[in-house]
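Below: one structure, written as structure tokens.
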Amino acid sequence: MLTRRHMLLMTTALTGAGIVGLALSWQASTDGQFEVTRSPEEWRGLLGENAYLVMRKEKTETPYSSPQLQEKRLGTYHCAACDLSVYASSAKYDSGTGWPSFYEALVGATGTKKDFALLIPRTEVHCRRCGGHFGHIFDDGPQPTGLRHCLNGLALFFRPA
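For the sequence shown, position 95 matches number 206 in my numbering, and the numbering has no gaps at all.
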């Protein structure tokens, strides 16, 4: 039987887990040393407010809002913060999620970390050169990797071949 005491204990445990998850996420996001660094004010000025919130504060853009979702030409996607080539258009596919999706990044272009912000661990993907947040990697993608790099279009710009 579920008692008031059990409910209190469960609520306390879940709250504690949430605090630990946020702390771990914050710790992971501040540990990286990157080649390109700027102050928050410089990043905001360079990126604009919306891209700054996505790339530096790990926010998520509204689904189906990115022009990158409709881009079909051959070319390369670059980090919007530091211009590093990060994804080839040949690895892009329509995942039906509302965000640009790729089954792999260019070799050596990205880094990952565990993200506990939602309590359930996810794999966050970011630019290896500046640490800019791109999105998350899930294991429900197509072959050949079986992965879905679900990305914020604001974090990328496209350069045609």
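Idealized CB from N, CA, C, for every residue including glycine.
Only a predicted model underlies this, so the values are computations on that prediction, with no experimental measurement involved.
| message | So that I know if they touch, is there some Cβ in chain B lying closer than 8 Å to that of Gly219? | response | The chain labelled as chain B is not found in the depicted structure, where only one protein chain is given.
| said: Three Cβ pairs or more, each shorter than 8 Å: is that satisfied between the segment 226-245 and the segment 261-268? | reply: yes
message: Tell me the DSSP secondary structure of Pro271 in three-state form.
response: strand
So, does the segment 202-212 touch the segment 172-185, judging by three or more C-beta pairs under 8 Å? In the pairwise beta carbon analysis, the segment 202-212 is classified as touching the segment 172-185: at least three pairs are separated by under 8 Å.
Unbroken beta strand (DSSP E) run spanning Arg233, endpoints
First-last of the beta strand (DSSP E) with Arg233: Arg233 to Cys238.
query: Between the segment 195-207 and the segment 164-171, do at least 3 Cβ pairs fall closer than 8 Å?
result: no
In the DSSP assignment, what residue or residues form a beta bridge with Asp226?
Arg233
inquiry  = For the structure I just gave you, are there three or more beta carbon pairs, one from the segment 180-195 and one from the segment 222-234, closer than 8 Å?
reply    = no
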